[in-house]
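Numbering (my numbering), first residue to last: -1 to 170.
Note that CB positions come from ideal geometry on N, CA and C, so glycine has one too.
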Amino acid sequence: MSGVVLAVIGIMIISREHGVRKDGERVESRFDALGIGLAFLALVMFSLAAVFTYVGVIGVDPIDANLPRVIVGSIVLVPVFAAARRRGMPIPSRHATKLTIIAGFLGMAVGSVFYIMSFKYVGAAVGSVLASTSPLFAVPMSLLFLKEHVSRIAVVGIVATITGVFLVLTGF
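See below:
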């Protein structure tokens, strides 16, 4: 359990970095009840999905188990996109559309299959903790591809997350 707590603390530290501008000055943040409420709701939904996914992959091929997730997720996004268009969202450029298709393939197709495979082989608890470390892996990618800066506090978060994941994998 200590590994899970440490990993979550590390992820929280890394995730807080979105509030820092390139010049190092912190963007003013305020309490946003709607944002916090939606984040909590997402937490509950992801937790329920993890439990249902673990139960659902017993005796099922991970690719077959992923198909309904992708179909339902795609169907749900169609009215969301339509509502955003009605509210004035511009049509994405061709470049943005290409990048979104690539991201969708990597995330919804490949990443989601690996996510389900992890549940099948290591269980919901370990699979969820490992999957929640995506901000950790986004850091080196943002350095490489987006030329972003990583602060010292983000490095502390990375170390805490890696240590927490190690503790989870070793049973602490």
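Please go through the same chain and pick out, in chain order, the residues whose beta-carbon is closer than 7 Å to the beta-carbon of residue i, but skip the five residues on each side of it.
{"i": "residue 148", "result": "137 and 141"}
{"i": "residue 118", "result": "55 and 60"}
{"i": "residue 146", "result": "140"}
{"i": "residue 106", "result": "68 and 71"}
{"i": "residue 80", "result": "none"}
Are the beta-carbon atoms belonging to residue i and residue j less than 9 Å from one another?
{"i": "residue 173", "j": "residue 53", "result": "It is not possible to answer for residue 173, since the shown part of the chain is limited to -1 through 170."}
{"i": "residue 155", "j": "residue 11", "result": "yes"}
{"i": "residue 175", "j": "residue 124", "result": "The chain is shown from -1 up to 170; residue 175 falls before or after that span and cannot be answered."}
{"i": "residue 114", "j": "residue 40", "result": "no"}
{"i": "residue 14", "j": "residue 151", "result": "yes"}
{"i": "residue 193", "j": "residue 130", "result": "An answer regarding residue 193 cannot be provided, because it is not within the stretch -1 to 170 covered by the chain."}
If residue i and residue j are in contact, beta carbons under 8 Å, what's the gap, nearest whole angstrom?
{"i": "residue 158", "j": "residue 8", "result": "3 Å"}
{"i": "residue 68", "j": "residue 110", "result": "7 Å"}
With distance defined between alpha-carbon atoms, name the residue in the options nearest to residue i.
{"i": "residue 103", "options": "130, 146, -1 and 65", "result": "65"}
{"i": "residue 112", "options": "38, 100 and 126", "result": "126"}
{"i": "residue 99", "options": "165, 78 and 72", "result": "72"}
{"i": "residue 166", "options": "46, 152 and 128", "result": "128"}
{"i": "residue 153", "options": "168, 135, 164 and 169", "result": "135"}
So is the beta-carbon of residue i under 8 Å away from any non-hydrogen atom of the ligand FAD?
{"i": "residue 138", "result": "The ligand FAD is not part of this structure, which contains no ligands at all."}
Might you give, ordered along the chain, the residues of its own chain that have their beta carbon closer than 8 Å to the beta carbon of residue i, omitting 5 neighbours on each side?
{"i": "residue 83", "result": "89"}
{"i": "residue 48", "result": "117, 122, 125 and 126"}
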